[in-house]
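Undergrad: The following block contains the structure, expressed as structure tokens.
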Amino acid sequence: MTVLRYLQAYPPHLQEQVRQMIDSDRLGQYLERRYPGRHDVQSDKALYSYAQDLRQQYLRSAPNLDKVLFDNRLDLTHRALGLNTAVSRVQGGKLKAKKEIRIASLFKEAAPEFLRMIVVHELAHLRERDHNKAFYQLCQHMEPAYHQLEFDLRVYLTYRELPGNL
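Here this note's numbering is used: the first residue of the sequence shown is 1353, the next is one more, and so on.
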């Protein structure tokens, strides 16, 4: 039986549907049909602008972002979506906190819906640190199809790990 490490938190019947698609070699077709395009956000500067636009639209009172970038060192086993950090430093007797968002570089080649979902997820952490009810409500406010996109993103990551798909 195929271990679906990105889908382990989902109900068994959904995991079984994904396994059946893998066994019948239809998973790639499913993803291509649902998400045929690729986004054009290819640089860190473009990603920063993209994230700032979403922050400005939905989270005006949230702290400014100091850095948003694609990171090829993120470990997808633990951080399948991205990383949100606050770096604090003492500077001239004042405490300065810098907000950073890092997105795994493999998402440069992903569908625009997946990039939006990841950025929305990381932006929501500006307001809600934990993955609680308020966090997911905020994600859905910014992206109404958030839960479906998160599931499909995890299916995409599963597909990428199948032999011959990297």
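Heads up, the beta-carbon is just placed ideally off N, CA and C, and yes, glycines get one too.
For the beta strand (DSSP E) containing D1392, name the first residue and the last one.
TA: For the purposes of this step, residue 1392 is taken as residue 40 along the sequence shown, with counting starting at 1. Run containing D1392: none; DSSP gives neither H nor E here.
Undergrad: State the start and end residues of the unbroken beta strand (DSSP E) segment that holds K1419.
TA: One-based indexing of the sequence shown puts residue 1419 at position 67. Element bounds for K1419: K1419 to D1423.
Undergrad: Less than 8 Å between C-beta atoms, sequence neighbours within five positions excluded: which residues of the same chain meet that for G1444?
TA: Translated into positions along the sequence shown, residue 1444 becomes position 92. So the list is empty, once near-sequence residues are dropped.
Undergrad: List, from N- to C-terminal side, the alpha helix (DSSP H) runs of 4 residues or more that fit wholly inside the region 1357 to 1416.
TA: 1364 to 1375, 1379 to 1386 and 1396 to 1410
Undergrad: Return helix, strand or coil for L1490, following the three-state DSSP convention.
TA: Indexing the sequence shown from 1 puts residue 1490 at position 138. Looking at L1490 - three-state DSSP - the assignment turns out to be helix.
Undergrad: Where does the unbroken alpha helix (DSSP H) through P1464 begin, and where does it stop?
TA: Residue mapping note: residue 1464 aligns to position 112 of the sequence shown, counting from 1. Taken as a continuous stretch (DSSP letters only), the alpha helix (DSSP H) holding P1464 covers P1464 to A1476.
Undergrad: Just reading off the alpha helix (DSSP H) that H1499 is part of, what are its end residues?
TA: On the sequence shown, position 147 is the one that residue 1499 refers to. Note, H1499: alpha helix (DSSP H), Y1498 to E1513.
Undergrad: Compare the Cα-Cα distances from F1503 to each of L1458, Q1489 and I1470 and report the closest residue.
TA: Within the sequence shown, numbered from 1, the residue matching residue 1503 stands at position 151. Considering only alpha carbons, the answer is I1470.
Undergrad: Helix, strand or coil for E1461, going by three-state DSSP, please let me know.
TA: Reading the sequence shown from its first residue, position 109 is the one you call residue 1461. Of the three classes helix, strand and coil, the one that applies to E1461 here is helix, per DSSP.
Undergrad: Note down the Cα distance separating A1456 from L1421, rounded to an integer number of angstroms.
TA: Within the sequence shown, the letter at position 104 stands for residue 1456. Within the sequence shown, the letter at position 69 stands for residue 1421. Each residue's Cα considered, the two are about 9 Å apart.
Undergrad: Count the other C-beta atoms from every protein chain shown that fall within 10 angstroms of the C-beta of E1474, then say buried if there are 16 or more, exposed otherwise.
TA: As a working mapping, residue 1474 is identified with position 122 in the sequence shown. Burial call: buried.
Undergrad: Inspect the beta-carbon positions of L1501 and E1465 and report whether they are closer than 7 Å.
TA: Translated into positions along the sequence shown, residue 1501 becomes position 149. Translated into positions along the sequence shown, residue 1465 becomes position 113. A contact, by the Cβ cut-off of 7 Å.
Undergrad: Candidates L1406, F1459 and D1418: which alpha carbon is nearest L1426's?
TA: Working through the sequence shown from its first residue, we reach residue 1426 at position 74. The option with the nearest alpha carbon to L1426 is F1459.
Undergrad: Verify whether the separation of the beta carbon atoms of L1383 and Y1498 is less than 7 Å.
TA: For the purposes of this step, residue 1383 is taken as the residue at position 31 of the sequence shown. For the purposes of this step, residue 1498 is taken as the residue at position 146 of the sequence shown. Against a cut-off of 7 Å, the Cβ pair of Y1498 and L1383 comes out as no contact.
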